[in-house]
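Here the sequence shown is numbered in this note's numbering, starting from 57 and rising by one per residue.
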Amino acid sequence: KGDSRHVAVTLPGGIELHNFYVPAGGDEPDRKVNDKFGHKLDFLTEMTDMFGKRRTKTKNKLVLVGDLNIAPREHDVWDHKKLLRVVSHTPIEVDHMERLIASHKWVDVMRVDTPEPEKLYTWWSYRAKDWRAANKGRRLDHIWVSPALGSAAGNTRILTDARGWERPSDHVPVLMDLVG
Numbered sequence: 057k058g059d060s061r062h063v064a065v066t067l068p069g070g071i072e073l074h075n076f077y078v079p080a081g082g083d084e085p086d087r088k089v090n091d092k093f094g095h096k097l098d099f100l101t102e103m104t105d106m107f108g109k110r111r112t113k114t115k116n117k118l119v120l121v122g123d124l125n126i127a128p129r130e131h132d133v134w135d136h137k138k139l140l141r142v143v144s145h146t147p148i149e150v151d152h153m154e155r156l157i158a159s160h161k162w163v164d165v166m167r168v169d170t171p172e173p174e175k176l177y178t179w180w181s182y183r184a185k186d187w188r189a190a191n192k193g194r195r196l197d198h199i200w201v202s203p204a205l206g207s208a209a210g211n212t213r214i215l216t217d218a219r220g221w222e223r224p225s226d227h228v229p230v231l232m233d234l235v236g
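Below, the structure is given as structure tokens:
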């Protein structure tokens, strides 16, 4: 679609860092009535194709980060059953994300560090007056690495307190250490 949603840089040691902003997808999880949702699914397919073509290069040192606008797992949302029909946690979005993960055998470093069933959230709606007390979050922001970096990546942190800053984003920063 020509929108600027990907930036990449090669770091020392040949590590490629890719940052994505996946389209949010609008309010209705149906591409027939919501072009924004279709755009989101198409964007995820393009990402899958892009990284799938590079899969044969097993020595690739890649990091993928960003607002992927999908909370894929049951413990990445405050209420799995209630959110199954809400854009960001629908089965079709999760399926697209699973294909993206498989395309390059991505390692979800945040979930390696904090396995389920512990809840992980990086986003809270502005609609909740007391977002911290309500804690109705979703994990929309992700850090993944290629298998070649798996053992070097870790110590992920979610800076939850940033959500309480003056004029904050509805997303909070996520960090990871890369050693070696």
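Glycine included, C-beta positions come from ideal geometry on N, C-alpha and C.
Query: Cross-strand partners of Asp-164 (DSSP beta bridge); Result: Trp-200
Query: Arg-223 to Leu-196 span [Cα, whole Å]; Result: 20 Å
Query: Presumed contact (8 Å Cβ cut-off) between Tyr-77 and Arg-61, rounded CB distance; Result: 5 Å
Query: Exposure label - Ser-207; buried when at least 16 CB within 10 Å; Result: exposed
Query: As assigned by DSSP and simplified to three states, the class of Ile-126; Result: coil
Query: Anticipated Cβ contact below 8 Å, Leu-231 with Lys-117, distance rounded; Result: With 8 Å as the limit, Leu-231 and Lys-117 do not qualify as a contact, their Cβ atoms being about 18 Å apart.
Query: Reduced DSSP secondary structure (H/G/I, E/B, other) of Trp-187; Result: helix
Query: Separation of Glu-84 from Gly-210, as counted between CA atoms; Result: 36 Å
Query: Cβ neighbour criterion (16 or more within 10 Å) applied to Ala-218; Result: exposed
Query: Rounded C-alpha distance that separates Pro-147 from Leu-234; Result: 32 Å
Query: Cβ-based burial, Arg-141 [other Cβ within 10 Å; buried from 16]; Result: exposed
Query: Backbone CA spacing between Leu-139 and Trp-179 [nearest angstrom]; Result: 14 Å
Query: C-alpha distance - Glu-102 paired with Val-150, whole-angstrom precision; Result: 15 Å
Query: C-beta atoms of Leu-124 and His-198 nearer than 7 Å; Result: yes
Query: Coil, strand or helix - Glu-102 by DSSP; Result: helix
Query: Arg-194 and Tyr-177 closer than 7 Å at C-beta; Result: yes
Query: Exposed unless 16 or more other CB atoms sit within 10 angstroms - verdict on Ser-225; Result: exposed
Query: Simplified DSSP assignment, three categories, for Arg-155; Result: helix
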